[in-house]
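Sequence lines, in order, name chains P and X.
Reminder that position 124 of the first sequence reads as 124 in my numbering, one-by-one numbering, no gaps.
Plus 157 on top of the position in the second sequence (first one is 1) and you've got my numbering.
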Amino acid sequence: MSITLNEAIEMITLEADMLDHGDFREWLSLYTPSGIYVVPIDPDTEEFEKTLNYAYDNAEMREKRVERLLNGRAISAAPPAKTVRLQARYRMLESNAESCTLRCAQMLTELRQGRERYYSANVTFRLVRIDGALKIDRKIVRLLTSTEALTAVSYIL
Amino acid sequence: MDILPDPTTLVNEDSADGSIYSNPDLFDMEMDRIFMHNWIWVAHRSDLPESGNYITTFIGQHPVIVSRDRKGEVHVMLNRCRHRGATVCEHKKGKAASFVCPYHGWAYGLDGALRGVPFQEGYTGQLDKSNYPLISLRVEEYNGLIFASFDHDIMSLDAWLGRTKPWIDLFMKQGAGWPIKTMGEHKFTFPGNWKIQLENTTDAYHFPIVHKSFLDSVDSETQNTFDFVEGNGYVEDLGHGHSVMVMIPDLVDLDENLEAPIPERFQELADELAKDYPDEQVRRIVRAVGGSGFNLNLFPNLACSMAFFRVLRPLAVMETEIRHIAIGMDGGPELGNEMRLRLHEHFQGPMGFGTPDDSEAWDRVQRGSLAGRDISILLNRGLGHEAQREDGNLFSDVSAETGMRAAYRQWLVDMTGKTVRAENGE
Ligand code: FES
Ligand SMILES: [Fe+2]
Numbered sequence: 001m002s003i004t005l006n007e008a009i010e011m012i013t014l015e016a017d018m019l020d021h022g023d024f025r026e027w028l029s030l031y032t033p034s035g036i037y038v039v040p041i042d043p044d045t046e047e048f049e050k051t052l053n054y055a056y057d058n059a060e061m062r063e064k065r066v067e068r069l070l071n072g073r074a075i076s077a078a079p080p081a082k083t084v085r086l087q088a089r090y091r092m093l094e095s096n097a098e099s100c101t102l103r104c105a106q107m108l109t110e111l112r113q114g115r116e117r118y119y120s121a122n123v124t125f126r127l128v129r130i131d132g133a134l135k136i137d138r139k140i141v142r143l144l145t146s147t148e149a150l151t152a153v154s155y156i157l
Numbered sequence: 158m159d160i161l162p163d164p165t166t167l168v169n170e171d172s173a174d175g176s177i178y179s180n181p182d183l184f185d186m187e188m189d190r191i192f193m194h195n196w197i198w199v200a201h202r203s204d205l206p207e208s209g210n211y212i213t214t215f216i217g218q219h220p221v222i223v224s225r226d227r228k229g230e231v232h233v234m235l236n237r238c239r240h241r242g243a244t245v246c247e248h249k250k251g252k253a254a255s256f257v258c259p260y261h262g263w264a265y266g267l268d269g270a271l272r273g274v275p276f277q278e279g280y281t282g283q284l285d286k287s288n289y290p291l292i293s294l295r296v297e298e299y300n301g302l303i304f305a306s307f308d309h310d311i312m313s314l315d316a317w318l319g320r321t322k323p324w325i326d327l328f329m330k331q332g333a334g335w336p337i338k339t340m341g342e343h344k345f346t347f348p349g350n351w352k353i354q355l356e357n358t359t360d361a362y363h364f365p366i367v368h369k370s371f372l373d374s375v376d377s378e379t380q381n382t383f384d385f386v387e388g389n390g391y392v393e394d395l396g397h398g399h400s401v402m403v404m405i406p407d408l409v410d411l412d413e414n415l416e417a418p419i420p421e422r423f424q425e426l427a428d429e430l431a432k433d434y435p436d437e438q439v440r441r442i443v444r445a446v447g448g449s450g451f452n453l454n455l456f457p458n459l460a461c462s463m464a465f466f467r468v469l470r471p472l473a474v475m476e477t478e479i480r481h482i483a484i485g486m487d488g489g490p491e492l493g494n495e496m497r498l499r500l501h502e503h504f505q506g507p508m509g510f511g512t513p514d515d516s517e518a519w520d521r522v523q524r525g526s527l528a529g530r531d532i533s534i535l536l537n538r539g540l541g542h543e544a545q546r547e548d549g550n551l552f553s554d555v556s557a558e559t560g561m562r563a564a565y566r567q568w569l570v571d572m573t574g575k576t577v578r579a580e581n582g583e
């Protein structure tokens with residue numbers, strides 16, 4: 001049976017909740033070993049490897065990013081910004097028994113040192129079913145403002 | 158009553174008053190005296206590879222268009238229609254045969270000449286198009302770096318860059334024999350004055366402290382390479398506010414030491430390249446991909462910083478935009494350029510492992526420096542053992558504040574109107 005919209009939403013909501021509550025180590029286990037987390041700059045590119053991104057994380061870089069957020073040695077992340085994100089406008093782009101591609105909107109509010117900032121994005125997930133459970137194989141965060149000047153983002157979008 | 162601040166009371170040889178980061182009147186003076194009377198970097202040659210290519214950018218607070226005309230010549234023009242002042246182009250880059258103002262349709266050539274005016278009869282002969290081109294600034298280029306200036310009387314770019322030129326040439330060796338090209342950029346703002354960032358480019362002192370978490374994220378060999386604060390690097394004043402900070406002396410000339418062992422993090426790349434290139438070229442490419450071992454600070458807005466261009470733009474007295482432009486080999490191996498992109502992403506930009514920590518430190522300088530009145534910012538590190546080379550350049554150890562002192566010396570020259578026009582017989 002194809003992966004349903006509800007199953008997929010349950011998975012990505014779990015991810016969003018973990019990121020907002022600082023469960024970064026647990027977050028790592030949501031990805032496949034070959035999974036990629038990418039925050040591109042170029043709104044149109046699909047060739048992330050060949051272009052400059054804000055983040056292009058394989059498993060190793062994801063681990064380093066989490067380490068950085070948790071070890072208190074990065075002044076921009078000690079403590080990390082607090083975030084609240086909402087996802088909505090879900091649309092299943094394609095789905096079969098083993099994998100699916102889901103697109104949604106994400107509105108994130110960040111608070112750090114008394115400053116509130118906002119980031120809106122279109123997020124596309126490719127989820128795969130491994131041993132019965134869904135894992136994230138690809139997460140592409142297309143920021144609305146990707147080609148504008150951002151401010152330091154010391155958390156995971 | 159308008160009393161301008163007196164810059165001579167704010168900056169000394171070894172310190173500056175904290176208000177230089179927050180005085181709005183001083184900022185207005187800087188935008189005029191520094192950003193309208195010096196050479197300001199606007200583009201790299203590769204941003205405009207062909208006739209008809211253009212980009213839009215800023216000189217200080219002035220929007221400009223940089224274009225390459227049909228003859229291949231580069232023009233820098235104010236992005237301001239001569240009719241009623243609308244910007245004539247809002248695209249970041251593109252290719253065009255002309256710029257047509259969207260308001261009433263005045264059309265300008267790539268060189269700024271006013272070509273067409275709709276319903277021109279309405280002017281009953283009172284509009285001579287040749288009097289209303291887009292306002293052109295002075296443009297000069299050195300080794301791919303394109304600079305422009307509002308001031309038609311200042312010295313040539315060649316004289317202005319002066320002793321920095323050999324360093325620019327060294328920096329461009331990152332092409333490994335191919336020309337350098339830009340490969341995208343990270344753009345971000347921080348809530349602080351532009352000079353806080355200007356100072357940072359030759360501040361080795363902060364590296365092991367602020368970038369601890371970056372150092373945690375790389376292998377031990379790389380950690381050693383970046384352990385330069387007590388090494389034999391140096392900072393050197395190159396005149397006109399420019400300076401160079403050599404962190405890794407072995408990586409100053411990328412064509413040298415080709416026989417040195419390949420660092421572990423580049424071994425995989427070297428193995429791949431060995432399939433297509435002879436050993437010596439593999440070594441040259443690998444060294445180029447790793448970047449140069451110095452930061453060259455060109456007053457007031459460009460740095461050739463290890464492996465990228467850093468461009469700063471003052472937005473307001475306490476707001477600055479920074480671009481970290483990735484560079485690569487134009488025509489060189491794709492794999493090498495991809496590795497450069499990954500290295501750039503690792504440290505630079507709003508989600509990198511380095512930039513957000515820098516940004517946090519600058520933010521804190523801005524906020525902390527607002528505390529109290531008449532309290533100095535110290536610029537005296539390394540002054541005690543600063544010495545002079547035969548060519549006259551001042552230099553001190555790698556963590557010295559020699560580069561900042563150089564920048565503030567030029568800042569004062571610009572701000573007090575004592576121009577450097579007469580130098581070098583120009
Ligand atoms: S303002 Fe440009 S044509 Fe009128
Ligand atoms: Fe830094």
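Note that CB positions come from ideal geometry on N, CA and C, so glycine has one too.
Are residue i and residue j closer than 9 angstroms when you measure CB to CB?
| i | j | result |
| --- | --- | --- |
| A431/X | M340/X | no |
| H240/X | I303/X | no |
| Q277/X | P457/X | no |
| T213/X | P220/X | yes |
| F347/X | I177/X | no |
| R225/X | G209/X | yes |
| G485/X | H368/X | no |
| F383/X | M496/X | no |
| P507/X | G450/X | no |
| Y260/X | C246/X | no |
| G388/X | M404/X | yes |
| C461/X | L469/X | no |
| I337/X | G279/X | no |
| T477/X | I353/X | yes |
| P513/X | V66/P | no |
| L411/X | N550/X | no |
| A78/P | Y155/P | no |
Sort the options by Cα distance to residue i and report the nearest one.
| i | options | result |
| --- | --- | --- |
| H397/X | N414/X, I311/X, K286/X, P290/X | I311/X |
| S146/P | I41/P, E7/P, D23/P | I41/P |
| M329/X | Q505/X, G539/X, V439/X, F466/X | F466/X |
| P420/X | G447/X, E429/X, S400/X | G447/X |
| S553/X | M463/X, R320/X, E393/X, W335/X | E393/X |
| A270/X | D326/X, R227/X, E298/X, G509/X | R227/X |
| I130/P | E116/P, D20/P, G35/P | G35/P |
| E170/X | V555/X, G539/X, G549/X | G539/X |
| A59/P | D44/P, W27/P, Y90/P | W27/P |
| F504/X | T32/P, L86/P, Y56/P | Y56/P |
| A133/P | G72/P, Y37/P, A97/P | A97/P |
| A445/X | E413/X, E425/X, L183/X, P471/X | E413/X |
| S120/P | Q113/P, L144/P, T101/P, K135/P | L144/P |
Could you name the residues of chain P that residue i contacts, counting a contact when the two beta carbons are closer than 9 angstroms?
| i | result |
| --- | --- |
| L344/X | A small fix is needed here, since residue 344/X is Lys in this sequence, not Leu. In chain order: I41, T147, E148, A149, L150. |
| L498/X | E49, K50, T51, L52, N53, Y56 |
| G341/X | I41, D42, T51, L52, N53 |
Quick one: measure Cβ to Cβ for residue i and residue j, integer angstroms, because I've assumed they're closer than 8 angstroms.
| i | j | result |
| --- | --- | --- |
| S306/X | L294/X | 6 angstroms |
| I3/P | L127/P | 7 angstroms |
| V296/X | V233/X | 5 angstroms |
| V84/P | T51/P | Not confirmed; about 30 angstroms, so no contact. |
| L569/X | T165/X | 7 angstroms |
| I534/X | A173/X | 5 angstroms |
Anything in chain X within Cβ reach of residue i, meaning under 8 angstroms, just list it in chain order.
| i | result |
| --- | --- |
| R25/P | The premise fails here: R25/P is roughly 16 angstroms from chain X at the closest Cβ pair, so nothing lies under 8 angstroms. |
| E67/P | D373, S374 |
| N122/P | By Cβ distance, chain X contributes nothing, its closest Cβ being about 17 angstroms from N122/P, past 8 angstroms. |
Could you work out which residues of chain P lie near residue i, taking near to mean beta carbons separated by less than 8 angstroms?
| i | result |
| --- | --- |
| V367/X | I75 |
| A483/X | L52 |
| T512/X | A152 |
| T502/X | According to the sequence shown, residue 502/X is Glu rather than Thr. Within chain P, the residues near E502/X are L52, N53, Y54, A55, Y56. |
| E478/X | A149 |
| S526/X | Near S526/X there are no residues of chain P at all, since even the closest Cβ is about 16 angstroms away, more than 8 angstroms. |
Closer than 7 angstroms by beta-carbon distance: list the chain P residues that pair up with residue i, in chain order.
| i | result |
| --- | --- |
| A518/X | I75 |
| G506/X | Y54 |
| E495/X | E49, K50 |
Could you name the residues of chain X that residue i contacts, counting a contact when the two beta carbons are closer than 7 angstroms?
| i | result |
| --- | --- |
| N6/P | Those within 7 angstroms of N6/P in chain X number zero; the least Cβ separation is about 31 angstroms. |
Worksheet item: What runs of the beta strand (DSSP E), each 3 residues or longer, lie entirely inside the stretch 90-139 of chain P?
Response: 99-112, 115-130
Discussion item. Could you tell me which whole beta strand (DSSP E) segments of length 3 or greater appear in the stretch 246-310 of chain X?
Written reply: Annotation: the stretch 246-310 of chain X contains the following complete segments of the beta strand (DSSP E) (minimum length 3 residues), in chain order: 250-252, 255-257, 264-266, 271-273, 295-299, 302-306.
Fill in: Complete alpha helix (DSSP H) runs within the stretch 358-414 of chain X (minimum length 4 residues, chain order)
364-367, 369-373, 377-382
Practice prompt. Pick out the complete alpha helix (DSSP H) segments inside the stretch 517-575 of chain X, 4 residues or longer, and give them in chain order.
Written response: 559-572
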